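Chains as they are written, first to last, in the numbering used here: chain A, 1 to 203; chain B, 1001 to 1203. This report refers to the structure that appears directly beneath it.
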């Protein structure tokens, strides 16, 4: 149990995917101008990410490794899985829950090119990409916990940032720095704060 | 001919993928810690972008409209795999540093974005010029950021085994510049600078 908790924490705070690992910055700056849209986007990300990691883990361990194709085919295989999964999830959600579809429908196609999904899937089958202190391959519960940590970390950062950006709209900022430049400097400060978590529990 | 030159030129400043279109940010911020890394990443992106633009432009008439995204992604993923394995075989130290960012070129929005917005609608030569221009725009921003960050963060620039600048005796380098927050600060200020210059010119 303790190990799962540490794994979650490592992915959630210490290696926060947006502010420490620099992954998925495009949706971060793209949709984080309103709290509401950023919540919709992050719900879709949590959902797709968990599904994608599960499927990629199965394909890696039961298809690519036995066929000895892992090194050569993992990039096309995983990205195709993610693209197909996003389409599939979109169709299912539209049928099952129109309300949910209205809430996160427009964000779903965007997730295909969200690098966080590919990064989390790759990390959970080929640990060591993010240089966490883990030398063994993940079993499926660990892969899932890790991915959830990544996705919740994404949510935390993007929602927090959206709230700050709503306030910054009305703040007196010098002309050339208005909009995106000041958002980047803000992200730098937030990243500085998150660096304080490094070394927590020796991770 | 003039048209091709225009396509090439637009990527450098007016439609610079990083500073103007705001795509492909994640990798740019993450790998610009050192000039050498920035150059390797930049050339990888130029290679993938140009090749995939050419192939997609060649097949643009036979690709069915509905299946285009997966087809484009497979084309891009093949070139990324070439870069991935080449760097791993011939430049292991660089591969060690760039790590996860090479596979993530697949989901780099610049490449899919150009395939979708330009190469799938234009003839081969123009697509090639567009790919080269956008790739060069990306590389030059990466180079500028790498120079600023390496010089201010470590006090020296070491590229390909040669020491190009050495300013250590003159100031105590703030280490934060080569860490995560430094990337956000540098990029935000660079963007602000470009805004300021354009504003002055427009006046």
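Ideal placement from N, C-alpha and C gives every residue a C-beta, glycine not left out. No experiment lies behind these values; they were computed from the predicted model shown.
Problem set entry | Proximal residues, the stretch 1062–1088 of chain B versus chain A, C-beta separation under 8 Å | Sequence-ordered contacts of the stretch 1062–1088 of chain B with chain A read 1069, 1070, 1073, 1074, 1077, 1078, 1080, 1081, 1084, 1085 [C-beta pairs closer than 8 Å].
For this session: Determine contact between the stretch 1021–1038 of chain B and the stretch 1102–1119 of chain B, defined as no fewer than three beta-carbon pairs at a distance below 8 Å.
Result: Output reads yes: the stretch 1102–1119 of chain B touches the stretch 1021–1038 of chain B.
Exercise. Is it the case that the Cβ atoms of residue 191 of chain A and residue 1181 of chain B are separated by a distance below 7 Å?
Worked result: The criterion of a C-beta distance shorter than 7 Å is satisfied by residue 191 of chain A and residue 1181 of chain B.
Exercise. Which of the three DSSP states, helix, strand or coil, is assigned to residue 1159 of chain B?
Worked result: Residue state, collapsed to three classes: strand.
Problem set entry | Interface partners of residue 26 of chain A on chain B, CB under 8 Å | Going along chain B in sequence order, the residues near residue 26 of chain A (Cβ under 8 Å) are 1022, 1023, 1024, 1025, 1026, 1109.
For this session: Inspect the beta-carbon positions of residue 124 of chain A and residue 143 of chain A and report whether they are closer than 7 Å.
Result: Inclusion of residue 124 of chain A and residue 143 of chain A in the CB contact set at 7 Å is warranted, their separation being smaller than that value.
Exercise. How big is the Cα-Cα spacing for residue 34 of chain A and residue 162 of chain A?
Worked result: Looking at the two C-alpha atoms, the distance is approximately 5 Å.
For this session: Report the rounded CA-to-CA distance for residue 1115 of chain B versus residue 1072 of chain B, giving the unit in angstroms.
Result: Distance between the alpha carbons of residue 1115 of chain B and residue 1072 of chain B: 7 Å.
Exercise. From this set, B:1047, B:1003, B:1061, which residue's C-alpha is nearest residue 1077 of chain B's C-alpha?
Worked result: In this structure, B:1047 is the residue among B:1047, B:1003, B:1061 with its C-alpha nearest to the C-alpha of residue 1077 of chain B.
Exercise. Roughly how many angstroms separate the alpha carbons of residue 173 of chain A and residue 182 of chain A, rounded to a whole number?
Worked result: The alpha-carbon atoms of residue 173 of chain A and residue 182 of chain A are separated by roughly 8 Å.
For this session: Pick out whichever of B:1113, B:1112, B:1150, B:1019 has its Cα sitting closest to the Cα of residue 1163 of chain B.
Result: It is B:1150.
Exercise. What is the C-beta distance between residue 20 of chain A and residue 194 of chain A, in whole angstroms, given that I count them as a contact (C-beta under 8 Å)?
Worked result: With 8 Å as the limit, residue 20 of chain A and residue 194 of chain A qualify as a contact, their Cβ atoms being about 6 Å apart.
Problem set entry | Cβ separation of residue 10 of chain A and residue 149 of chain A, assumed to be a contact under 8 Å, to the nearest whole Å | In this structure, residue 10 of chain A and residue 149 of chain A form a Cβ contact; the two beta carbons are roughly 7 Å apart against a cut-off of 8 Å.
Exercise. Cα separation between residue 1053 of chain B and residue 1119 of chain B?
Worked result: Near 5 Å, if we compare the C-alpha coordinates of residue 1119 of chain B and residue 1053 of chain B.
Problem set entry | Separation of residue 94 of chain A from residue 1009 of chain B, as counted between CA atoms | Distance between the alpha carbons of residue 1009 of chain B and residue 94 of chain A is about 43 Å.
Exercise. Taking a cut of 9 Å between CB atoms, which residues from the stretch 152–176 of chain A lie near chain B?
Worked result: Those would be 174, 175, 176, in chain order.
Problem set entry | Straight-line gap, residue 1019 of chain B to residue 14 of chain A (C-alpha atoms, nearest Å) | Spanning the alpha carbons of residue 1019 of chain B and residue 14 of chain A requires a straight line of approximately 29 Å.
For this session: Using alpha carbons as the reference points, say which of B:1034, B:1051, B:1004 lies closest to residue 1179 of chain B.
Result: Residue B:1034 is the option with its Cα nearest to residue 1179 of chain B.
Problem set entry | Nonlocal neighbours in the same chain, by C-beta distance under 7 Å from residue 76 of chain A, ignoring five residues either side | So no residue of the chain qualifies.
Problem set entry | Members of the stretch 1092–1118 of chain B that neighbour chain A once the beta carbon cut-off is set at 8 Å | The stretch 1092–1118 of chain B vs chain A, Cβ under 8 Å: 1099, 1100, 1103, 1104, 1106, 1107, 1108, 1109, 1112.
Problem set entry | Per DSSP, the bridge partner or partners of residue 1166 of chain B | Answer by DSSP bridge pairing, in chain order: B:1156.
Problem set entry | Listed by chain order, chain B residues near residue 115 of chain A by CB distance under 7 Å | The answer, in chain order, is 1026, 1104, 1107.
Exercise. Using a Cβ-Cβ cut-off of 7 Å (strictly less than) and excluding sequence neighbours within five positions of residue 64 of chain A, which residues of its own chain qualify?
Worked result: For residue 64 of chain A, same chain residues with a beta-carbon under 7 Å away, outside a window of 5 residues either side, are 70, 73, 74, 77 in chain order.
Exercise. Cβ atoms of residue 1064 of chain B and residue 1137 of chain B: under 7 Å apart, would you say?
Worked result: Taking C-beta atoms as the reference points, residue 1137 of chain B and residue 1064 of chain B fail to come closer than 7 Å.
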